[in-house]
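One structure is given below, encoded as structure tokens.
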Amino acid sequence: MIQLNNTDTIVAVATASGTGAIAVIRLSGPEAITITNSVFKGKDLTKQASHTIHFGTIRDNEKVLDEVLVSLFVAPHSYTKENVVEISCHGSDYIVQQIMQLLLKQGARLANAGEFTKRAFLNGQFDLAQAEAVADLIASDSALSHDVAMKQMRGGFSQEIKRLRAELVHFASMIELELDFGEEDVEFADRDQLRSLIGNIQSIIRELLMSFELGNVIKNGVPTVIVGKPNAGKSTLLNKLLNEEKAIVSDVPGTTRDFIEDEISIAGITFRFIDTAGLRETTDKVEAIGVERTMQKLSQSSLIIYLFDITEETPAKVQAELERLNPNNLPLVAVANKIDQASPEKLAAFVTMEGLVQISAAEGAHLEDLKQALVEKVNLGKLDTQSQTIVTNLRHVDSLNKTYAALDDVLNGLGLGISGDLVAADIRRALYSLGQITGEITTDDLLDNIFTKFCIGK
Ligand SMILES: Nc1nc2c(ncn2[C@@H]2O[C@H](COP(=O)(O)OP(=O)(O)OP(=O)(O)O)[C@@H](O)[C@H]2O)c(=O)[nH]1
Ligand SMILES: [Mg+2]
1 MIQLNNTDTI
11 VAVATASGTG
21 AIAVIRLSGP
31 EAITITNSVF
41 KGKDLTKQAS
51 HTIHFGTIRD
61 NEKVLDEVLV
71 SLFVAPHSYT
81 KENVVEISCH
91 GSDYIVQQIM
101 QLLLKQGARL
111 ANAGEFTKRA
121 FLNGQFDLAQ
131 AEAVADLIAS
141 DSALSHDVAM
151 KQMRGGFSQE
161 IKRLRAELVH
171 FASMIELELD
181 FGEEDVEFAD
191 RDQLRSLIGN
201 IQSIIRELLM
211 SFELGNVIKN
221 GVPTVIVGKP
231 NAGKSTLLNK
241 LLNEEKAIVS
251 DVPGTTRDFI
261 EDEISIAGIT
271 FRFIDTAGLR
281 ETTDKVEAIG
291 VERTMQKLSQ
301 SSLIIYLFDI
311 TEETPAKVQA
321 ELERLNPNNL
331 PLVAVANKID
341 QASPEKLAAF
351 VTMEGLVQIS
361 AAEGAHLEDL
371 KQALVEKVNL
381 GKLDTQSQTI
391 VTNLRHVDSL
401 NKTYAALDDV
411 LNGLGLGISG
421 DLVAADIRRA
431 LYSLGQITGE
441 ITTDDLLDNI
451 FTKFCIGK
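See the structure below:
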């Protein structure tokens, strides 16, 4: 474990900047309480019990800067396991800056991004995967991403990894014990058991890796591209979905030339909608680039909305266009637009088209049907975020892949009957990769990489 330089007392504003009712300034470190006490007029904070709140004023010499509430958390009963103080002051940037400067003058130093959480990890408050989940939790913006981050923070994922690791450690030590006996031909580690354990672990890893695709959707949203011919009403639909005049709408075909995108949450799932340039043959240079980009986006998206003007099409033409645009059968929802202008005969002609959603984007009619169809296509309905472990972190994916490959080497080695020390080395390699997920194995670079992605004050 990395040795902690915990002589510093760090300080940061924990709330977002800008004017608010209240701002919170947070300190952590051995001097957190004494430094605060030196600028606080009220009770003597150094003599108060942990988990108490105290009213008083913050003073720069005799000048009162603000009336505040100070919350005390005495080591080790705090987030970082160090002394922690939270000063709740009035939420003016000016007051916050004045108090910050005062605390810095008294010997605190500005915290780096993620430094509070890094200290919490280094002091054993939680493991690395849990620490990373804190960042995910702060960034979560839908019910599902919140569920998954919360579960990871509470240790669900870590437990699974630690369990696998413990079983492997057992075998590694048995094999290493054999080595101690040198010439005597002893086998403490039952090779068949080892093989079946590795098979088990590999199948669990495969499952975890498969969950990443889903985890990614939950964390980053479902990229959903809206495509169709010019003037179909794509930009109108985007605006209606977002409830905002985000894209330019006009009756001139070829209005949209670049993507316009934004996200909303539907039934707890984040959808990232991308409006694109209408698809047609064109001699306009700029529009042609737009069309090319639409085709690119189409192939990169997880979900496609194909929108057409019902007054201009027949079912056969639409079907042909769908086959041309989506040869690989990506998840697609076909949507007929402008039903407010369609004749009854026209509407009747399309009723048999399977899975077709009919809307009027301009009037905002039947958008609920469209939303429902989108949610069904993503098919997260049966996802159980409470009991299923879902991987959302690219770093974890990388470690799981490395573990898997090392376990393959163990199996190959066993098949070839190679010597125990080589088998043990491959097992150790698998253990190393697994240990990186929860932080049993860490390096300074790894930690820096993770925690600098946090916001300051967390
Ligand atoms: N009657 C009717 N008109 C609509 C509807 N949806 C869109 N329109 C009109 O159709 C025209 C084109 O709409 P846009 O949203 O700009 O179409 P687009 O698909 O983004 O077009 P490009 O950006 O050129 O590819 C505009 O005049 C809209 O007002 C609808 O449901 N009903
Ligand atoms: Mg448009």
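Residues in the sequence shown are numbered consecutively from 1, following the UniProt record's numbering. Quick reminder that beta carbons are idealized off the backbone N, C-alpha and C, glycines included. A quick note: this is a predicted structure, and the numbers were derived from the prediction, not measured.
### Task
Let me know the beta strand (DSSP E) ranges lying completely inside the UniProt domain "TrmE-type G" (221-379), each 3 residues or longer, listed in chain order.
222-227, 260-266, 269-275, 303-309 and 332-337
### Query
Where does isoleucine 2 sit, in a helix, a strand or coil, going by DSSP?
For this step, residue 2 is matched to residue 2 along the sequence shown. With a pLDDT of only 42 at isoleucine 2, under the threshold of 50, the placement of this residue in the model should not be trusted, and no figure is reported.
### Task
Measure the beta-carbon distance from serine 145 to lysine 219 and round it to whole angstroms, keeping in mind my assumption that it falls under 8 Å.
Numbered from 1 along the sequence shown, position 145 holds the residue referred to as residue 145. Numbered from 1 along the sequence shown, position 219 holds the residue referred to as residue 219. The Cβ separation is near 5 Å, so the contact holds.
### Task
Indicate whether valine 222 and isoleucine 289 have their beta-carbon atoms separated by less than 8 Å.
The count along the sequence shown starts at 1 and reaches residue 222 at position 222. The count along the sequence shown starts at 1 and reaches residue 289 at position 289. Result no, Cβ atoms of valine 222 and isoleucine 289 do not sit closer than 8 Å.
### Query
The beta strand (DSSP E) spanning valine 397 covers which residue range?
For the purposes of this step, residue 397 is taken as the residue at position 397 of the sequence shown. Looking at the DSSP string, valine 397 is not in any beta strand (DSSP E); the run it does join, the alpha helix (DSSP H), is 394-416.
### Message
With H, G and I counted as helix, E and B as strand and the rest as coil, what does DSSP make of glycine 199?
### Response
Taking the sequence shown and counting its residues from 1, one reaches residue 199 at position 199. The answer is helix: DSSP assigns glycine 199 an H, G or I state.
### Message
Following a CB-centred definition, is valine 249 positioned closer than 7 Å to any heavy atom of ligand 1?
### Response
As a working mapping, residue 249 is identified with position 249 in the sequence shown. Answer for valine 249: yes, Cβ within range of ligand 1.
### Task
Give me the Cα-Cα distance between leucine 431 and arginine 154, rounded to the nearest whole angstrom.
Numbered from its first residue, the sequence shown carries residue 431 at position 431. Numbered from its first residue, the sequence shown carries residue 154 at position 154. Using only the alpha carbons, I get a separation of about 23 Å.
### Task
Could you pull the start and end residues of the alpha helix (DSSP H) that lysine 118 belongs to?
Working through the sequence shown from its first residue, we reach residue 118 at position 118. Looking at the DSSP string, the run of the alpha helix (DSSP H) that includes lysine 118 is 115-122.
### Query
Using the C-alpha atoms, what's the distance from serine 92 back to glycine 20?
The sequence position of residue 20 within the sequence shown is 20, counting from 1. The sequence position of residue 92 within the sequence shown is 92, counting from 1. Cα to Cα, the separation comes out at about 7 Å.
### Task
Answer yes if the region 239-247 comes into contact with the region 354-367, meaning at least three C-beta pairs across the two stretches below 8 Å, and no otherwise.
yes
### Query
Would the beta-carbon of leucine 322 fall within 8 Å of that of leucine 298?
Against the sequence shown, residue 322 aligns to sequence position 322. Against the sequence shown, residue 298 aligns to sequence position 298. No.
#### Entry: valine 64 classed as buried or exposed, judged by whether at least 16 other C-beta atoms fall within 10 angstroms
Along the sequence shown, read from residue 1 onward, the residue named residue 64 stands at position 64. Under this definition valine 64 is an exposed residue.
### Message
Please return the same chain residues whose Cβ sits closer than 6 Å to the Cβ of glycine 381, not counting the five positions on each side in sequence.
### Response
The count along the sequence shown starts at 1 and reaches residue 381 at position 381. Because the pLDDT at glycine 381 is just 48, under 50, the model does not fix this residue reliably, and the value given afterwards should be weighed accordingly. Closer than 6 Å at Cβ, skipping near neighbours: no residue.
### Task
Taking only heavy atoms of ligand 1 into account, decide whether any of them is closer than 7 Å to the Cβ of aspartate 340.
Position 340 of the sequence shown, counting from 1, holds the residue named residue 340. Indeed, a heavy atom of ligand 1 lies less than 7 Å from the Cβ.
### Query
Does DSSP classify lysine 458 as helix, strand or coil?
As a working note, residue 458 is residue 458 in the sequence shown. In the structure shown, lysine 458 sits in coil (DSSP, three-state: anything other than H, G, I, E or B).
### Message
Between Pro331, Leu374, Val249 and Glu312, which has its C-alpha nearest alanine 349's C-alpha?
### Response
Position 349 of the sequence shown, counted from the start, is the residue given in the question as residue 349. Nearest neighbour of alanine 349 by Cα position, chosen from Pro331, Leu374, Val249 and Glu312, turns out to be Glu312.
### Task
Measuring alpha carbon to alpha carbon, tell me which of Ile25, Ile53, Pro30 and Val70 ends up nearest isoleucine 99.
The count along the sequence shown starts at 1 and reaches residue 99 at position 99. Among Ile25, Ile53, Pro30 and Val70, the Cα nearest to that of isoleucine 99 is on Ile25.
### Message
Is any non-hydrogen atom of ligand 2 found closer than 7 Å to the C-beta of alanine 258, if you look at the structure I gave you?
### Response
Reading the sequence shown from its first residue, position 258 is the one you call residue 258. Checking the displayed sequence, the identity of residue 258 turns out to be aspartate instead of alanine. For aspartate 258, the Cβ stays outside the 7 Å cut-off from all heavy atoms of ligand 2.
### Query
Going by other Cβ atoms of all chains shown within 10 Å of its Cβ, with 16 needed for buried, is aspartate 340 buried or exposed?
Position 340 of the sequence shown, counting from 1, holds the residue named residue 340. So aspartate 340 ends up on the exposed side.
### Query
Taking DSSP as the reference, what is the three-state secondary structure of phenylalanine 157?
By 1-based counting over the sequence shown, the position of residue 157 is 157. Here phenylalanine 157 carries a helix assignment [DSSP, helix/strand/coil].
### Task
Determine the burial state of alanine 16: buried for a count of at least 16 other Cβ atoms within 10 Å of its Cβ, exposed for fewer.
Along the sequence shown, read from residue 1 onward, the residue named residue 16 stands at position 16. So alanine 16 counts as exposed.
### Query
Which residues does DSSP pair with histidine 90 in a beta bridge?
As a position in the sequence shown, residue 90 is number 90, starting the count at 1. Paired residue(s): Ile22.
### Query
Can you find at least 3 beta carbon pairs, one from the region 110-129 and one from the region 40-59, that sit closer than 8 Å?
no
### Neighbourhood of alanine 120 by C-beta, 6 Å cutoff - its chain only, sequence neighbours within 5 removed
Within the sequence shown, residue 120 is the residue found at index 120, counting from 1. Only residues of its own chain outside the window of five on either side were considered, and among them Tyr79 and Thr80 have a CB closer than 6 Å to the CB of alanine 120, listed in chain order.
### Contact check, alanine 32 vs valine 85, beta carbons under 8 Å
Within the sequence shown, numbered from 1, the residue matching residue 32 stands at position 32. Within the sequence shown, numbered from 1, the residue matching residue 85 stands at position 85. In contact: alanine 32 and valine 85 (Cβ atoms closer than 8 Å).
### Query
Going straight from the alpha carbon of phenylalanine 116 to that of phenylalanine 454, what length do you get?
Position 116 of the sequence shown holds residue 116. Position 454 of the sequence shown holds residue 454. Roughly 10 Å between the two C-alpha positions.
### Query
Does the beta-carbon of arginine 206 have 16 or more other beta-carbons within 10 angstroms, so that it is buried, or is it exposed?
Taking the first residue of the sequence shown as position 1, residue 206 is located at position 206. With fewer than 16 Cβ atoms within 10 Å of its Cβ, arginine 206 is classed as exposed.
### Query
Per DSSP, what kind of secondary structure is residue 493 in: helix, strand or coil?
Here the chain has residues from 1 to 458 only, and residue 493 is not among them.
### Message
Following a CB-centred definition, is serine 343 positioned closer than 7 Å to any heavy atom of ligand 1?
### Response
The residue you call residue 343 lines up with position 343 of the sequence shown. Checking the Cβ of serine 343 against ligand 1 gives no.
### For valine 39, the three-state DSSP class (helix, strand or coil)
In the sequence shown, counting from the first residue as 1, residue 39 sits at position 39. It is helical.
### Query
Run through DSSP, which three-state label would glycine 381 get?
If you number the sequence shown from 1, residue 381 lands on position 381. Because glycine 381 sits at a pLDDT of 48, beneath the cut-off of 50, its placement in the model cannot be relied upon, and the point is left open.
### Query
Mind checking whether the beta-carbon of alanine 336 lies closer than 7 Å to any heavy atom of ligand 1?
Numbered from its first residue, the sequence shown carries residue 336 at position 336. Not under cutoff, so the answer is no.
### Task
Starting from the C-beta of lysine 41, find all residues in its chain whose C-beta is less than 7 Å away, skip the five residues before and the five after it, and write them out in chain order.
As a first step, residue 41 must be located in the sequence shown, where it is residue number 41. Once the five neighbours on either side are set aside, the close Cβ partners of lysine 41 are Gly56, Thr57 and Arg59.
### Simplified DSSP state of valine 74, which is helix, strand or coil
The count along the sequence shown starts at 1 and reaches residue 74 at position 74. In this structure, valine 74 counts as coil in the three-state DSSP scheme.
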